[in-house]
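One structure below.
Numbering (the UniProt record's numbering), first residue to last: 1 to 742.
Pasting the structure below:
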C-alpha cells in the first residue's frame, strides 16, 4: 500500500499535467479585428514574411488589415497583411475558391467573387485559420511557414470548381503596377506582383504548387482572356477542377522579394510536401515555444487570454524580408544580400521604440541582433536609419528618428553588432536635412508651418529625446565633443515651453508663440495628439520637466488634471483619440508612459491605481478588445510589461519603472536556463496598491528596476495593499537624467 500510493500520486499528477491547456489555446486572434484595433485573424508564424488571412474585399479605415469582424462576406485570402496600422497596404496574391453553386457579384468589392460566412463556422489560433464559405459549401483552411503560405480547401461535389488567383486585386492605398503569371504546368504557377501604395516600390515573387493537377486554366489581362504567360498591371488566373464530395486540394505558395528563384527555394526548404496538418502542427509548436517564454498564474481565463494574445500580437512585426539565400529587395531599389543575419522590415518605429523593442531585448534576445543589423543595413543602403520602413521601402510615415533609441538601447544592453557603424548611422540621421531636421538644428526647435501635418511641437520634442540617446552613445564611445553637442540639443524641448500656460506651444521663426492656443485642441502642430498628451514627452529628463512645471506639487496637479479633465460632448475627437481617461488617450502611443510618471513624485500610488485601471478597461477578450490601433506590437507590449509590473518610461535608459502587477505570479524564461520571477504577495483584484517591493529578498529602495537585474534572473516581489502606501517608498531615489543603467 505504501509503495502503491506514490505511484497513484505520480499518475494523477501526470494526468493533470497532460490535461493542462497549451498556451496557444488561450490566444484569441480575433481580438482587435473589431473596433479600432485593425488586426487580422489569419495564419502566420512569429515575425514571418507571410500573413495569410481573409480579405473582406471592401476598402476603408476599419478594413486596413483586410478583415473587419462586423462584415459578413469574404472575397478571398491574400498572403500579406499589416498588424494594427493606420494605413492600408499589402494584400498580395489573393486566392479564392468557388464553384457553380453561387455567382453573385457586388460593386462594393469591385465585382470580385465572394461568399457569405458566419463567425459560428470560423476558427483562428496561432498559425491556423479555418472558415466555411457558406455560399459554396467550401471549407477553407490556412497555415504558414516563415516564407510560405499553405491553403487547404475541402470541396463539395461539383464539376465546375474554380480557384481564382488574382494579382490585380487591391484595396485602400495599395495599387498594382506590374503583375506576371506563368502557368508552368498543370500543378505549378509562378509569377510576381509589383505594387505601390504606402510603400512605393513593393515586389513579391511567388511560386504556387497544387496538390492536384488542374484540368484547365484561363488567364486574364484586364478582365479579357489572354495567352500564357501574361504581364500587365491587372492579371488573374482561374484554374479549374471537377471535385468529388469532401475532396481536398492543398496549395502551397513560396515567396521572395528578390526573385522567382528565391520563391522556389522558399518552397523547397520550408514546404517540401503537401501534408497540411504537419505544417499546421509545426506552426502551433513554434508559437507554443514563444508563448512559454512568460508563464503567468491567474484564475481569470479572460485575463489569461488577453495576456497571451498580446504576446502573440507582439510577434507579428517586424516581418522577415530576406529569402533563404539572404536576398531581398532593398530601399535603394536594388537586390541586396544579408549574409550573416536575417533581414527584417516593417519597423513601425514611432510606435514600437517605446515598449515593443525593449520587450524584445528581454524575451527575443536571439532576434535583437537581426533587427539591429536590419536597421543598419537600411542605413548602408540609403544613408539614413529607417523612420517607418516596409517591404524594403522607406515610407517616412510619422516623425522622429526613432531607430536611434532602438539601436542605442540594444548597444547598452550588450547585444553584438558593429557599434562604430551604429553610431555613424545614428549621427547621420540626426544631421539630415529633411523632415525639418535642418531647421530644428538652426532654431533649436521646429518653427510652425502651414501644412496640414505640421507637427512642429511633436517633432521638436521627439528629436530632442533621440538626441539624448545619441549623446549617451557618444559619451560611452569616448566622443566627448559629440556628447556635449547632442546633450545640448536634447534640451531643445525647453525652447517651446510656455511658462504662462504651462504647456509646450508652437512658435514661429521669430520665436513668438502662435495664438490662439487651446491645449485640448487637436491642432496641426501636434502629431495625432494635443498639447495635453505631448506635455509629458521628455522621458530623458522628467526631473527638469517637473521643475519647469513648478515643482512636485504642481507636477502632481498637472498629472491629476491629465486623467480627470474629460472631453465634453462638444469636443471633436479625431479617429486616433481612443481609450480616453480624461485627456489621456491609451489608444495612441504618446500617452503610454504617462501614468508611470507618478513615480517621480511622492504619490506613486496614483500611478499604480491608474495602471491597473488601464489594464482592466482598455484590453478585453473580445473582437473589440483593443482601445486603439495595435500598431505592430506596441499596444500589446504595453500590456505585457504593465501586467508584469514594470514599464520602460525612457526606452533607452536600461530601467523600468514599477507599477501594479496584474497577476499573482509571472515567470520570464531567459537564455541559459535563467528565470526572472515576479510575485504579487497578498494578491487580490481589489489590492491595486504596492506597499513594498523586494528584489532577491532585499527591500528595493527605489521605484524602478534595471534591465541587468531582470536578465540576471531572480525574484521580484510586490507586496500588495488595498490602500496607498506611498510612505514606504524613497521617491527621491529616481533615475539620474544623464545616465544609462547597465
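Each residue gets a CB set at the ideal place from its N, CA and C atoms; glycine is no exception.
According to DSSP, is residue i part of a helix, a strand, or is it coil?
i	result
residue 435	coil
residue 253	strand
residue 747	In the structure displayed, the chain extends from 1 to 742; residue 747 sits before or after that span and is not available.
residue 176	strand
residue 44	coil
residue 533	helix
residue 358	helix
residue 7	Reliability of the predicted coordinates at residue 7 is poor, the pLDDT of 41 falling under 50, and no value is obtained from them.
residue 70	coil
residue 708	helix
residue 673	helix
residue 409	helix
residue 573	coil
residue 639	helix
residue 347	strand
residue 583	coil
Between residue i and the rest of its own chain, which residues show a CB-CB distance below 7 Å, the 5 nearest in sequence each way excluded?
i	result
residue 344	47, 318, 319, 320, 321, 370, 371, 374
residue 26	304, 305, 308
residue 591	533, 584, 585
residue 381	330, 331, 332, 336
residue 562	532, 582, 583, 584, 594
residue 12	In this prediction, residue 12 scores a pLDDT of 41, lower than 50, which makes its location untrustworthy; no coordinate-derived value is stated.
residue 610	563, 595
residue 325	262, 265
residue 580	567
residue 247	155
residue 659	596, 607, 608, 611, 642, 645, 646, 647
For residue i and residue j, what's the separation of their Cα atoms in angstroms?
i	j	result
residue 129	residue 92	18 Å
residue 465	residue 402	9 Å
residue 624	residue 35	5 Å
residue 229	residue 198	29 Å
residue 235	residue 629	33 Å
residue 57	residue 196	18 Å
residue 105	residue 73	11 Å
residue 133	residue 181	26 Å
residue 694	residue 285	36 Å
residue 627	residue 28	16 Å
residue 154	residue 137	9 Å
residue 453	residue 514	16 Å
residue 526	residue 163	48 Å
residue 107	residue 636	36 Å
residue 101	residue 76	17 Å
residue 463	residue 429	10 Å
residue 80	residue 89	9 Å
residue 529	residue 426	26 Å
Comparing C-alpha positions only, which one of the options sits nearest to residue i?
i	options	result
residue 632	599, 576, 349	349
residue 287	105, 653, 125	125
residue 43	338, 453, 619, 55	55
residue 245	99, 151, 225	99
residue 605	689, 522, 650, 665	689
residue 311	23, 679, 616, 661	23
residue 666	278, 299, 491	299
residue 111	179, 741, 223, 21	223
residue 238	216, 505, 559	216
residue 501	519, 658, 485	519
residue 49	20, 204, 657	204
residue 117	127, 109, 139, 103	139
residue 122	504, 141, 252, 113	141
residue 170	446, 341, 63	63
residue 439	510, 418, 421	510
Whose C-beta lies closer than 6 Å to the C-beta of residue i among residues of the same chain, with five residues either side of it excluded?
i	result
residue 39	32, 33, 65, 83, 84, 630
residue 221	230, 232, 235
residue 357	406
residue 188	209
residue 650	539, 540
residue 243	155, 158, 161
Shorter than 7 Å, the distance from the beta carbon of residue i to the closest heavy atom of the ligand NAP, or not?
i	result
residue 298	No copy of the ligand NAP occurs in the structure displayed, which carries no ligand at all.
For residue i, I'd like the list of residues in its chain whose CB is within less than 8 Å of its CB, leaving aside the five on either flank, ordered along the chain.
i	result
residue 388	347, 348, 349, 350, 394, 395, 396, 397, 398
Tell me the start and end of each unbroken beta strand (DSSP E) in the region 115-175 that is at least 3 residues and wholly inside, in chain order.
-> You should have 122-125, 128-133, 138-144, 148-155, 158-166.
Those runs of the alpha helix (DSSP H) which lie wholly inside the region 275-341 and span at least 4 residues | 276-291, 301-313
Which whole runs of the beta strand (DSSP E) in the region 351-398 are 3 residues long or more, in chain order?
-> Here the runs fully enclosed are 388-390.
Alpha helix (DSSP H) runs wholly inside the region 430-482, at least 4 long, in chain order = 437-443, 456-476
Which ranges does the beta strand (DSSP E) cover as unbroken runs of at least 3 residues, wholly within the region 182-206, from first to last along the chain?
-> Restricting attention to beta strand (DSSP E) runs no shorter than 3 residues, the region 182-206 encloses them at 188-196, ordered along the chain.
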